[in-house]
Amino acid sequence: MKAGQTLPNITFRTRVRDEAVGGPNPFRWQDMTTDDYFKGKRVVLFSLPGAFTPTCSTYQLPGFEENFATFQELGIDEIYCMSVNDSFVMNQWAKAQGIQNVKVIPDGSGEFTRRMGMLVAKDNLGFGMRSWRYAAIVNDGVIEAWFEEPGLCDNHGEDPYGESSPENLLKYLKEAKATAAA
1 MKAGQTLPNI
11 TFRTRVRDEA
21 VGGPNPFRWQ
31 DMTTDDYFKG
41 KRVVLFSLPG
51 AFTPTCSTYQ
61 LPGFEENFAT
71 FQELGIDEIY
81 CMSVNDSFVM
91 NQWAKAQGIQ
101 NVKVIPDGSG
111 EFTRRMGMLV
121 AKDNLGFGMR
131 SWRYAAIVND
141 GVIEAWFEEP
151 GLCDNHGEDP
161 YGESSPENLL
171 KYLKEAKATA
181 AA
């Protein structure tokens, strides 16, 4: 996927809190589509190898959360974190991280990630199929800017991080704003 391309149309199986369900686990299934997340909005989408993993939990997700207000000032409506994990895992990870602003999207089957061309084997880590780390600025479902970590391949021996960092996306947005104002 590159700038100018439209995101694949996918239905995501999510779990949402619904007090009407009652009991100790008041959640229900809710299908969400690509349009539900991206239509009519300018958003940051970042995808990572797995919830609860070191780089994702220490730097990437907290960095986007901490900079949410700055992203909004630069014209971003929402920030979405995606991983090839199910909704149960993504919701618990967001809870454990104390996330209030970034919204998590579960790509449990990896279908969105596969159609983005970013599904890789991580068998060397015992993960199976997962997302390569990337980020994008998405405007109304169309990729405006693309940030992919180098070395895309199956069973990569490292976990590159930098291109898809919140700092790098903020740099892009600030430069784009300055250019537009000039």
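Residue numbers (the UniProt record's numbering): 1 to 182. Every residue, glycine too, gets a C-beta built ideally from N, C-alpha and C.
Cβ neighbours of residue 159 in the same chain (closer than 6 Å, five flanking residues each side left out) = 55
Do you know whose CA, among 172, 9, 29, lies nearest residue 17's CA?
-> 29
Let me know the secondary structure DSSP gives residue 181 once reduced to three states.
-> helix
Under the three-state reduction of DSSP, which class applies to residue 7: helix, strand or coil?
-> coil
Under a Cβ-count criterion, where at least 16 other Cβ atoms within 10 Å of its own Cβ denotes burial, should residue 107 be classed as buried or exposed?
-> buried
Span separating the alpha-carbon of residue 110 from that of residue 121 | 11 Å
Own chain, CB closer than 6 Å to residue 63, minus 5 neighbours either side, in chain order | 166
Pick from 112, 5, 173, 127 that is closest to residue 70, judged by C-alpha positions | 173
Own chain partners of residue 85 with C-beta closer than 8 Å, once the 5 adjacent residues on each side are dropped | 50, 51, 93, 106, 107, 108
Check whether the Cβ atoms of residue 79 and residue 68 sit closer than 9 Å, and answer yes or no.
-> yes
From residue 152 to residue 161, what does the alpha carbon distance come to, in whole angstroms?
-> 12 Å
For residue 138 versus residue 42, is the C-beta distance shorter than 9 Å?
-> yes
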